[in-house]
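When the sequence shown is numbered by UniProt numbering, its final residue is 177 and no position is left out of the sequence of numbers.
Heads up, the beta-carbon is just placed ideally off N, CA and C, and yes, glycines get one too.
This structure is a prediction, so every number in the text was calculated from the model and none was measured.
Data first, discussion second: the structure below is written as structure tokens.
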Amino acid sequence: MLLGCLGALVVFVGLARLLTRRLGAVTAVAIAGFCWTVVCIGILTLIPAEWGIGVVPIDEAQTACSLDYGGPAPDGFWILPGSQRLLNIVVFVPAGALWVLAVARWRAGWVLAPLGIAALGLYSVAIETLQLAASRIGRACDVTDMVDNLAGAIIGGVIGLLLALALRPWRRRTLVA
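This is how it looks when you write it as structure tokens:
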């Protein structure tokens with residue numbers, strides 16, 4: 001998991017460097033950072049929950065997504081000393097913030113920002129669907145995760161709006177060579 005995120009970081013730092021001259025540092029870093037967070041979310045959520053693929057016997061694997069709000073998720077998680085719900089919120093905050101900051105440069109940002117937050121919600125649905133399809137790796141599809149992920153993206157969007165107002169990426173004038 002960590003190696004995958006580090007490898008993606010190298011790629012997206014290169015992307016930021018390529019975009020900086022044309023878009024300015026704030027927008028370039030926001031775009032590259034957003035892409036990196038989306039990749040890391042995928043890596044974090046789609047690797048086996050336990051060491052070894054196929055740890056859940058086929059007859060015990062989940063066959064439907066839990067619609068019980070609060071769901072089958074355990075109360076603890078090994079990355080953060082809180083609940084898994086807190087992690088589900090926190091992991092989507094950077095993506096929401098960076099998306100809003102990335103599109104704040106353009107006039108269409110007022111339309112693109114909420115569309116991107118909605119797309120992050122759909123990304124969460126896609127992840128949960130894939131977790132259901134691959135439930136033998138110890139992952140569970142849960143509506144609570146989708147709600148928490150969307151809440152994190154919305155919180156991140158508000159943070160991104162505040163960052164955009166402070167950093168004003170639309171003021172950056174670049175010369176196109």
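Inset, instruction - Tell me whether residue 66 sits in a helix, a strand or coil according to DSSP, three-state version. - result: Strand.
Inset, instruction - State the CB to CB distance for the pair residue 142 and residue 83, rounded to an integer number of angstroms; the pair is presumed to be in contact (CB under 8 Å). - result: Not a contact, Cβ separation roughly 13 Å.
Inset, instruction - May I ask which residues mark the beginning and end of the alpha helix (DSSP H) holding residue 251? - result: No answer is possible for residue 251: the residues shown for the chain start at 1 and end at 177.
Inset, instruction - State the beta-bridge partners of residue 142 as determined by DSSP. - result: DSSP links residue 142 through a beta bridge to 66.
Legend entry - Which of helix, strand or coil DSSP assigns to residue 176: Summary for residue 176: the model assigns pLDDT 47, below 50, so the residue's position carries little reliability; its value from the coordinates is reported in the next sentence. It is coil, neither helix nor strand.
Legend entry - Terminal residues of the alpha helix (DSSP H) in which residue 95 lies: Looking at the DSSP string, the run of the alpha helix (DSSP H) that includes residue 95 is 93-103.
Inset, instruction - Could you pull out every residue in the same chain whose Cβ sits closer than 6 Å to the Cβ of residue 15, ignoring the five residues on either side in sequence? - result: The beta carbon of residue 15 sits closer than 6 Å to the beta carbons of 32 from its chain, once the five residues preceding and following it are set aside; these are given in chain order.
Inset, instruction - Please state whether DSSP places residue 106 in a helix, a strand or coil. - result: When DSSP states are grouped into helix, strand and coil, residue 106 belongs to the coil group.
Legend entry - Straight-line Cα distance separating residue 136 from residue 115: Taking the straight line from one Cα to the other gives about 33 Å.
Inset, instruction - Would you identify the three-state DSSP class for residue 135, choosing helix, strand or coil? - result: The answer is helix: DSSP assigns residue 135 an H, G or I state.
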